[in-house]
Ligand SMILES: N[C@@H](CCC(=O)N[C@@H](CS)C(=O)NCC(=O)O)C(=O)O
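Numbering (the numbering used here), first residue to last: 51 to 266.
This is how it looks when you write it as structure tokens:
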């Protein structure tokens with residue numbers, strides 16, 4: 051299976067979920083244009099961008115004459131169309147575990163989004179809920195116990211890209227359980243991960259190494 055010849059375009063914000071797509075493009079060795087965006091200049095709310103991503107988010111991608119804006123779907127589509135070795139095919143043993151891994155990334159992602167809102171987006175203390183911050187950190191740590199040290203489906207797949215991004219962001223909010231920490235190291239050791247990191251751009255979201263939950 052080989053996708054179309056037109057160059058893929060990726061709208062990207064450093065440290066965001068669009069890193070997943072940047073990483074898979076590097077794994078595949080695809081030709082692509084990276085379009086760096088910002089959360090701070092309202093460009094994600096431009097009419098043009100809303101046509102690519104109705105909720106005004108990243109990632110957004112143009113590929114094979116269509117726009118896609120959901121990172122899990124993009125990972126699976128790129129694997130199916132360009133890199134079948136990065137997915138477990140329909141009907142194969144292990145397909146269900148692969149799909150579960152791909153989607154479990156968003157169980158982690160929901161906690162990360164809540165923690166990011168509270169620690170970073172809500173700038174004033176009175177806007178934040180220390181209870182929610184503590185609870186979400188505990189729930190994230192608990193959800194991370196399902197991760198690693200091995201790849202989700204035996205071999206490395208796009209499920210590992212989805213989860214690997216979430217785990218590498220989770221380090222900002224919790225101490226990773228041992229298996230997840232080992233898994234994060236394996237992800238970071240991949241040359242494609244390192245190439246993606248080199249193209250990610252200046253930090254836009256996380257400027258501290260660690261955001262501790264408030265005392266309580
Ligand atoms: N489920 C979507 C979530 C996309 C998403 O929420 N992206 C965040 C960055 S990680 C974003 O663009 N936020 C900007 C905003 O909410 O205005 C995916 O996995 O692609």
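Note that CB positions come from ideal geometry on N, CA and C, so glycine has one too. These numbers come from a predicted model, not from an experiment.
Under the three-state DSSP convention, the category residue i falls into
i, result
"residue 261", "coil"
"residue 86", "strand"
"residue 226", "coil"
"residue 80", "coil"
"residue 73", "helix"
"residue 254", "coil"
"residue 176", "helix"
"residue 202", "coil"
"residue 66", "coil"
"residue 16", "Within the shown structure, residues of the chain are numbered from 51 to 266, placing residue 16 beyond reach of any answer."
"residue 52", "Reliability fails at residue 52, whose pLDDT of 45 lies under 50, so the model's placement of it is uncertain and the value that follows must be treated cautiously. Three-state DSSP puts residue 52 in coil, outside helix and strand."
"residue 170", "helix"
Chain C within 9 angstroms of residue i, Cβ atoms only
i, result
"residue 117", "The structure shown contains no chain C; it holds only a single protein chain."
Closest Cα partner of residue i within the set the options
i, options, result
"residue 246", "102, 104, 211 and 97", "211"
"residue 171", "152, 156, 90 and 100", "90"
"residue 98", "84, 117 and 83", "117"
"residue 234", "193, 198, 142 and 71", "198"
"residue 145", "205, 184, 193 and 124", "205"
"residue 217", "242, 190 and 239", "190"
"residue 253", "57, 122 and 86", "86"
"residue 155", "62, 123, 177 and 176", "123"
Straight-line Cα distance separating residue j from residue i
i, j, result
"residue 237", "residue 230", "10 angstroms"
"residue 106", "residue 95", "5 angstroms"
"residue 84", "residue 220", "25 angstroms"
"residue 248", "residue 111", "20 angstroms"
"residue 224", "residue 166", "12 angstroms"
"residue 78", "residue 244", "14 angstroms"
"residue 88", "residue 119", "16 angstroms"
"residue 114", "residue 195", "38 angstroms"
"residue 133", "residue 139", "11 angstroms"
"residue 173", "residue 142", "48 angstroms"
"residue 181", "residue 258", "21 angstroms"
"residue 162", "residue 74", "21 angstroms"
"residue 187", "residue 232", "20 angstroms"
Close Cβ partners of residue i (< 6 angstroms) along its chain, the five nearest in sequence each way excluded
i, result
"residue 201", "210"
"residue 256", "65 and 222"
"residue 227", "194 and 195"
Residues near residue i in its chain [Cβ-Cβ closer than 8 angstroms; skip 5 each side]
i, result
"residue 151", "202, 203, 207, 209, 210, 212 and 213"
"residue 179", "168"
"residue 157", "193"
Neighbourhood of residue i by C-beta, 7 angstroms cutoff - its chain only, sequence neighbours within 5 removed
i, result
"residue 69", "215, 246 and 250"
"residue 137", "126, 129, 130, 148, 207 and 208"
"residue 100", "106"
Cβ separation of residue i and residue j, assumed to be a contact under 8 angstroms, to the nearest whole Å
i, j, result
"residue 67", "residue 159", "7 angstroms"
"residue 102", "residue 82", "Their Cβ separation, rounded to whole angstroms, is 15 angstroms, which puts residue 102 and residue 82 out of contact at 8 angstroms."
"residue 121", "residue 104", "Going by Cβ atoms, the distance from residue 121 to residue 104 rounds to 15 angstroms, so no, they are not a contact pair."
"residue 184", "residue 264", "7 angstroms"
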